[in-house]
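Just below is one structure, and these are the notes that go with it.
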Amino acid sequence: MSSGTSSLVEGSTATGGNKTSWPELVGKSVEEATKVILKDKPDANIVVVPADSPVTMDYRIDRVRLFVDTVAEVPRVG
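Residue numbers are given in the UniProt record's numbering: position 41 of the sequence shown equals residue 41, and the series is strictly consecutive.
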């Protein structure tokens with residue numbers, strides 16, 4: 001079923017051949033994801049955001065948001 005319009009597929013490239021999403025990074029650490037994204041898009045401004053946080057809807061070609069929802073270490077008092 002086709003509506004006659006095309007849309008970007010996850011992990012696809014936008015016009016100009018630049019990658020626009022990284023589905024292969026789901027489940028990776030922030031450090032791993034950052035390394036891969038910067039390899040593909042050296043000018044990326046990577047912003048780490050807690051999952052389900054509200055974000056602005058403005059589109060910036062230099063911004064890549066990493067949505068994270070894992071606890072990296074045991075929470076402790078102190």
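Ideal Cβ positions, reconstructed from N, Cα and C, are used throughout, including at glycine.
All figures in this text were calculated on a predicted structure; none of them were measured in a lab.
Close beta carbons around residue i, own chain, < 7 Å, minus the five adjacent residues each side
{"i": "A44", "result": "I37, L38, D62 and V64"}
{"i": "I46", "result": "T34, I37, V64 and L66"}
6 Å Cβ shell around residue i - same chain, five flanking residues per side excluded
{"i": "E32", "result": "none"}
{"i": "N18", "result": "none"}
Cβ shell of residue i (< 8 Å), same chain only, five flanking positions each side left out
{"i": "A51", "result": "F67, V68 and D69"}
CB-CB length for residue i against residue j, believed under 8 Å
{"i": "V30", "j": "V48", "result": "6 Å"}
Inter-residue Cα distance where the pair is residue i and residue j
{"i": "V71", "j": "Y59", "result": "29 Å"}
{"i": "K41", "j": "S53", "result": "24 Å"}
{"i": "L25", "j": "P75", "result": "25 Å"}
{"i": "E73", "j": "T56", "result": "29 Å"}
{"i": "G78", "j": "G27", "result": "29 Å"}
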